[in-house]
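Chemist: The structure follows.
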Amino acid sequence: MAAILRDLLRHNAEFRIGVLLVGSVLLLSVLASFSPFPPENVYVVPPDLPPSSTYWFGTTSRGQDVFWQLTFAIRNTLLFGCIVAIISRLLALVIGLLSGYSGGWIDRALMSVNDTFIVMPLLPILVLFYFVMRDRMSWLMLALIMAGLGWAYDARLIRSVAMSLKTREFTQTSLFSGMSTRQILVQEHLPYVMPIVFSSAMNNMVWSIGLEVTLAVLGFTDINRPSIGGMIYWANQHTAMVAGVWWWIAFPTIAVVMTFVGLFLLAISTNQYIDPRSRLGRVGDVT
Amino acid sequence: MPITWVPPFRFGIPGARMKSYLAYVARRSGQLVLVIFIGINLAYVISHASPIDPVEQSISAVTSYGNTAPDAIEQMRSSLRELYGLGGSPIEQYLAFWRRILSADFGPSLSAFPTPVATLIGRALPWTAGLLTASTVIAWGLGNLLGGLAGYYQNNRGLKAMGVIAMGLHPMPYYILALLLLIVFGFLWPVLPITGGAAMNLPQAWTLEFMMSVLQHAILPALSLILVGVGGWFLGMRSLVSNVVTEDYVAYAELAGVRPWRILSFYVMRNALVPQVTGLAMSLGGIFNGAVITEKVFGYPGVGSLLVDAVYAGDYALVLGVTTISILGVSIGVFVIDLLYPLLDPRVKVS
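Those protein sequence lines, which keep their order, are chains C and P.
If you use this note's numbering, the first sequence corresponds to residues 136 to 422, in order.
If you use this note's numbering, the second sequence corresponds to residues 1198 to 1548, in order.
In structure tokens form, the structure reads like this:
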């Protein structure tokens, strides 16, 4: 594992930039623990100050320090993405492996449902969900809902790998040595799909954080809990761009763009590592 | 996915394949029905799992503006119950829900009372359909063309730079890109209209002036959808093409002296386009999500703005109407793309 990371860092520029971007965002989120102000409090600093040596990223019209607010926002946003990614990975794994290995009617039934979730326009459904839940919708509930809706694409990916694994000789050997379906899937097939699970987890985070930011800037989430989208929501509420408080919008936007580009670069560089064809392509480049 | 050789110059469906095409259409129709069925059920479950009674919510929204006589409130309550299909047993409610959707009758809108929800959606739908179709076609076409070139001419500097830009643009959420465009063209360099679907002072008619205004207003919303889209199609096509060019038949064609543009268009791009069509069908839902938020940012008079404004106004019937129409619209769009798919890939057979 360490050797793989070293190779990727040495030979893959995308991976390096990805690590740099995600690393700095992570660092920012860790700093939240050292914040001098609780994130919910308003008017703790003078409002509308531009970035300076005292207030690095300026202060908001609500009297909050943008820098410290951002640390909480990034932490919550990343946490949200991680929870969605973990739960939806579990669903995608179970459904993908089962579908690919079983074949037949189980496969057909699961994949029909799967394709349905792939094409479903989720934003209107999430908006409807917010509309009926209103203030009772917590961020954890939103995370669970999105995990329940966001597994489909990756389940299909895992299924395609599982289908090819099924035809390999070692699967037959395990079957004849009396292993149960569950044992074959967990002990034999799971290790092969883990790299895909990792790279798709990062793509899934890009997806879920993107939707969360979208819902939050509209005010369709718990807006009192600091998040990147929530910060932009409050900035819009105070018409920050018109009032010239640009730092209130600029810094959260920069942070979220860094998160997205970083995660995406990590996902595609690990994907390149997994896909032997593009590895061959790189060998061709060297010669 | 291994891409096998497909004979060039076969865009149509030969007569013998017609039967298998019809079987394919039947299978996709089954999937279409399933998508709509699951989607509508999801909407039903969500709208009825509410801990808050939508009727009481609407009533409190109305009564908060001033004093209303208790009799009038009671009358309103019963008529709203009937309107929302909340009367009767759960099975009756469920059937009533389906009846409303199949007859496209969602009752009157509360925020634009007494205009029916169907009328409001009907007014907004052409804007969204136009914006979505135009920007998707442009993004898909442009992304595939440039991505194909980038995969074929791998050492071209301009195309390499484009790859870096695509990598930065593709993962961006639509909202952030729309916001950036709004800031650039609204505050820093105000040359384009940043809100509305057309100039307010023009009559909505098929005049040249009105059409020009519509086009001008569509530039920014379309641009934010296109910029995100192009990145994804570019990256996908580039990696597909760079795999296809290593196939033996391409090497053979090159050795046989087939002209490069012909190899690129008929031997390479055509094969690589097949998975991209599947990709288009799969990502239509996501593109629609993008359209919703983009419309809101630019105040574009489509269903996205309608949906968000309906939530702010507490208009239950309108939110439900837009959600179900979105599910129907997107799944029909996917179905249409699926029907075109065999034209590109003659290997589609009854499996």
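Cβ coordinates follow ideal geometry from the N, Cα and C atoms, glycine included.
(1) Once DSSP output is grouped into helix, strand and coil, what is the label at C:T194?
(2) Any idea what DSSP makes of P:D1512, helix, strand or coil?
(3) The alpha helix (DSSP H) that contains C:L279, what's its start and end?
(4) Cutting at 7 angstroms between CB atoms, please list the residues of its own chain near C:Q318, excluding the five before and the five after it.
(5) Can you list, in chain order, the residues of its chain with a C-beta nearer than 8 angstroms to that of C:F395? Leave out the 5 residues immediately preceding and following it.
(6) Please return the same chain residues whose Cβ sits closer than 7 angstroms to the Cβ of C:T206, not counting the five positions on each side in sequence.
(7) Might you give, ordered along the chain, the residues of its own chain that have their beta carbon closer than 8 angstroms to the beta carbon of P:V1550, omitting 5 neighbours on each side?
(8) Pick out whichever of C:E323, C:V262 and C:Y288 has its Cα sitting closest to the Cα of P:I1243.
(9) Taking the C-alpha atoms as reference points, what is the distance between P:S1548 and P:K1493?
(10) Would C:S404 pass as a contact of C:E149 if the rule is Cβ separation under 7 angstroms?
(11) Check distances from the C-beta atoms of the region 244-256 of chain C to those of chain P and list, in chain order, the residues that come in under 9 angstroms.
(12) Compute the beta-carbon to beta-carbon distance between C:N338 and C:A402, rounded to the nearest angstrom, for a pair I have assumed lies under 8 angstroms.
(13) Compute the beta-carbon to beta-carbon distance between C:D201 and P:I1373, rounded to the nearest angstrom, for a pair I have assumed lies under 8 angstroms.
(14) Which residues in the same chain as P:G1530 place their Cβ atom closer than 6 angstroms to its Cβ, once the five residues preceding and following it in sequence are excluded?
(15) So that I know if they touch, is there some Cβ in chain P lying closer than 7 angstroms to that of C:T349?
(16) Does P:M1369 get closer than 7 angstroms to chain C when you measure Cβ to Cβ?
(17) Does any CB atom of chain C fall closer than 7 angstroms to the CB of P:N1353?
(18) Count the other C-beta atoms from every protein chain shown that fall within 10 angstroms of the C-beta of C:D420, then say buried if there are 16 or more, exposed otherwise.
(19) Closest to C:R269 by CA distance: which of P:T1475, P:D1445, P:A1246 and P:I1270 is it?
(20) Grouping DSSP H, G and I as helix and E and B as strand, with all else coil, what is C:D242?
(21) Could you tell me how far apart the beta carbons of P:L1422 and P:I1484 are, in whole angstroms, since I believe they sit closer than 8 angstroms?
(22) By the 10 Å Cβ neighbour count, where 16 or more other Cβ atoms means buried, how is P:D1535 classified, buried or exposed?
(23) Going by Cα to Cα distance, which pick from C:P326, C:C217, C:R197 and C:Q322 is closest to C:Y368?
(24) Are the C-beta of P:T1520 and some C-beta of chain C separated by less than 7 angstroms?
(25) Using the C-alpha atoms, what's the distance from C:T306 back to P:F1208?
(26) Just to confirm the assignment, what range does the alpha helix (DSSP H) spanning C:A451 have?
(27) Give me the Cα-Cα distance between C:D289 and C:E323, rounded to the nearest whole angstrom.
(28) What in chain C is Cβ-close to P:Y1372, meaning under 7 angstroms?
(29) Return the Cβ separation of C:Y265 and C:L300 in integer angstroms, given the expectation that the two are a contact with Cβ distance under 8 angstroms.
(30) Listing by chain order, which chain P residues have their CB less than 8 angstroms from the CB of C:T388?
(31) Please state the DSSP three-state secondary structure of P:D1542.
(32) Can you grab the Cα-Cα spacing for the pair P:R1225 / P:L1385, in whole Å?
(33) Does chain C have any CB closer than 7 angstroms to the CB of P:N1486?
(34) C:G345 touches chain P at which residues, Cβ-Cβ below 7 angstroms?
(35) Is C:D183 helix, strand or coil by DSSP?
(36) For C:L284 and C:S188, I'd like the C-alpha separation in whole angstroms.
Modeler: Straight from the coordinates:
(1) Here the question's residue 194 of chain C lines up with position 59 in the first sequence. Strand, per DSSP.
(2) Counted from its first residue, the second sequence places residue 1512 of chain P at position 315. Coil, per DSSP.
(3) For the purposes of this step, residue 279 of chain C is taken as residue 144 along the first sequence, with counting starting at 1. First-last of the alpha helix (DSSP H) with C:L279: W274 to L284.
(4) As a working mapping, residue 318 of chain C is identified with position 183 in the first sequence. For C:Q318, where only same-chain residues beyond five positions count, there are no Cβ hits under 7 angstroms.
(5) Here residue 395 of chain C refers to the residue found at position 260 when the first sequence is read from its first residue. These residues qualify, in order along the chain: V341, I344 and G345.
(6) On the first sequence, position 71 is the one that residue 206 of chain C refers to. Correct list, in chain order: L163, S164, L166, A167 and S170.
(7) The question about residue 1550 of chain P has no answer here: the residues shown for chain P are numbered 1198 through 1548.
(8) Locating residue 1243 of chain P in the second sequence gives position 46, where the first residue counts as 1. Looking at the Cα atoms, C:V262 is the closest of the given residues.
(9) Against the second sequence, residue 1548 of chain P aligns to sequence position 351. Against the second sequence, residue 1493 of chain P aligns to sequence position 296. The predicted position of P:S1548 is uncertain, since its pLDDT is 41 and thus under 50; no value can be drawn from it.
(10) Indexing the first sequence from 1 puts residue 404 of chain C at position 269. Indexing the first sequence from 1 puts residue 149 of chain C at position 14. Yes; because the gap between Cβ atoms is below 7 angstroms, this pair is in contact.
(11) S247, V248, D250, T251, F252, I253, V254, M255 and P256
(12) Here residue 338 of chain C refers to the residue found at position 203 when the first sequence is read from its first residue. Here residue 402 of chain C refers to the residue found at position 267 when the first sequence is read from its first residue. With 8 angstroms as the limit, C:N338 and C:A402 qualify as a contact, their Cβ atoms being about 5 angstroms apart.
(13) What you label residue 201 of chain C is simply residue 66 of the first sequence in a count that begins at 1. What you label residue 1373 of chain P is simply residue 176 of the second sequence in a count that begins at 1. Note on residue identity: the sequence assigns Val, not Asp, to residue 201 of chain C. Wrong, their Cβ atoms sit about 17 angstroms apart, outside the cutoff.
(14) In the second sequence, residue 1530 of chain P corresponds to position 333, counting from 1. Cβ neighbours of P:G1530 beyond the five flanking positions: L1481.
(15) Working through the first sequence from its first residue, we reach residue 349 of chain C at position 214. With 7 angstroms as the cut-off, C:T349 counts as an interface residue toward chain P.
(16) The residue you call residue 1369 of chain P lines up with position 172 of the second sequence. Interface residue, yes.
(17) In the second sequence, residue 1353 of chain P corresponds to position 156, counting from 1. It does not; no Cβ of chain C falls within 7 angstroms.
(18) Working through the first sequence from its first residue, we reach residue 420 of chain C at position 285. The pLDDT assigned to C:D420 is 42, lower than 50, so where the model puts this residue is not dependable; a value taken from the coordinates is nonetheless given after this. So C:D420 counts as exposed.
(19) Looking up residue 269 of chain C in the first sequence gives position 134. Nearest of P:T1475, P:D1445, P:A1246 and P:I1270 to C:R269, Cα basis: P:A1246.
(20) Translated into the one-based positions of the first sequence, residue 242 of chain C becomes position 107. Helix.
(21) If you number the second sequence from 1, residue 1422 of chain P lands on position 225. If you number the second sequence from 1, residue 1484 of chain P lands on position 287. P:L1422 to P:I1484, Cβ: 7 angstroms. Contact.
(22) Translated into positions along the second sequence, residue 1535 of chain P becomes position 338. Per the 10 Å Cβ criterion, buried.
(23) For the purposes of this step, residue 368 of chain C is identified with residue 233 of the first sequence, where counting begins at 1. Checked all of C:P326, C:C217, C:R197 and C:Q322; the closest Cα to C:Y368 is C:R197.
(24) Counting from 1 along the second sequence, the entry for residue 1520 of chain P is found at position 323. P:T1520 counts as touching chain C.
(25) The count along the second sequence starts at 1 and reaches residue 1208 of chain P at position 11. The count along the first sequence starts at 1 and reaches residue 306 of chain C at position 171. Here P:F1208 scores only 47 on pLDDT, less than 50, and its place in the model is too uncertain to base an answer on.
(26) Examination of residue 451 of chain C is not possible in this model, given that chain C is present from 136 through 422 alone.
(27) Position 154 of the first sequence, counted from the start, is the residue given in the question as residue 289 of chain C. Position 188 of the first sequence, counted from the start, is the residue given in the question as residue 323 of chain C. About 19 angstroms.
(28) The count along the second sequence starts at 1 and reaches residue 1372 of chain P at position 175. Correct list: V348, T349 and V352.
(29) Start at 1 with the first residue of the first sequence, and residue 265 of chain C comes out as number 130. Start at 1 with the first residue of the first sequence, and residue 300 of chain C comes out as number 165. That pair is no contact at about 40 angstroms.
(30) In the first sequence, the residue the question calls residue 388 of chain C occupies position 253. I1373, L1376 and L1377, listed in chain order.
(31) Indexing the second sequence from 1 puts residue 1542 of chain P at position 345. Three-state result, P:D1542: coil.
(32) Position 28 of the second sequence, counted from the first residue, corresponds to residue 1225 of chain P. Position 188 of the second sequence, counted from the first residue, corresponds to residue 1385 of chain P. Cα-Cα distance, rounded: 48 angstroms.
(33) Residue mapping note: residue 1486 of chain P aligns to position 289 of the second sequence, counting from 1. Cβ-Cβ to chain C under 7 angstroms: yes for P:N1486.
(34) Numbered from 1 along the first sequence, position 210 holds the residue referred to as residue 345 of chain C. Going along chain P in sequence order, the residues near C:G345 (Cβ under 7 angstroms) are P1370.
(35) Numbered from 1 along the first sequence, position 48 holds the residue referred to as residue 183 of chain C. Three-state DSSP puts C:D183 in coil, outside helix and strand.
(36) Numbered from 1 along the first sequence, position 149 holds the residue referred to as residue 284 of chain C. Numbered from 1 along the first sequence, position 53 holds the residue referred to as residue 188 of chain C. Distance between the alpha carbons of C:L284 and C:S188: 45 angstroms.
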